[in-house]
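Below is one structure; the comments refer to it alone.
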Amino acid sequence: CSTFKQQSFILLQVAFKMYLGVTPSVSCISATGNEFSLILDKNPLVDFVEELPAERASLCYCNLLCGVIRGALEMVHLAAEVSFLQDRLKGDAVTEIGITLLGKPEDRKHRRN
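Taking full-length UniProt numbering, the leading residue of the sequence shown gets 1, the next gets one more, and so forth.
Here it is in structure tokens:
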């Protein structure tokens, strides 16, 4: 597992299956290999969520997945930006999470000094 893509795929495929019982598909891989999307056809976190009230329409209920993914990648020394691109709770057909490699955390520390 020497590249961002390999490390991310293994980490995410195994972790999603282990903790959520689903395996996301990977799509939209950039030519540079530093960004891709995870597609969840079934998101177990939204199974018991009713439609959000109008005053809470901006709430991204599953945003904790972005934090979990970002934290897991940081544990293997990969800094990444993780965000929701599509959300089934917002009326989209699938849940799509975008992941972009920002660099290794050591690289960012050296730039600050």
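In this text, a Cβ means the ideal position worked out from N, Cα and C, and glycines have one as well.
Roughly how many angstroms lie between the CA atoms of residue i and residue j, to the nearest whole one?
i	j	result
F16	L65	10 Å
residue 114	G71	The structure shown does not extend to residue 114, since the chain is modelled only from 1 to 113, so the question has no answer here.
C28	L102	17 Å
L38	V26	5 Å
Q13	I69	11 Å
E74	A80	8 Å
P53	L89	11 Å
C60	V76	26 Å
G21	T32	30 Å
Q86	V46	13 Å
P24	R56	27 Å
Name the DSSP bridge partner or partners of residue i?
i	result
V26	L38
F84	I97
A79	G103
Should residue i be labelled buried (16 or more other beta-carbon atoms within 10 Å of its own) or exposed?
i	result
C1	Per-residue confidence for C1 stands at a pLDDT of 49, beneath the threshold of 50, marking its modelled position as unreliable; the derived number appears in the next sentence. By the 10 Å Cβ count, C1 comes out exposed.
I10	exposed
P44	exposed
F4	buried
F36	buried
V49	exposed
Thinking residue i and residue j are a contact (beta carbons under 8 Å), I'd like their distance in whole angstroms, please.
i	j	result
I97	S8	So it is not a contact: roughly 11 Å between Cβ atoms.
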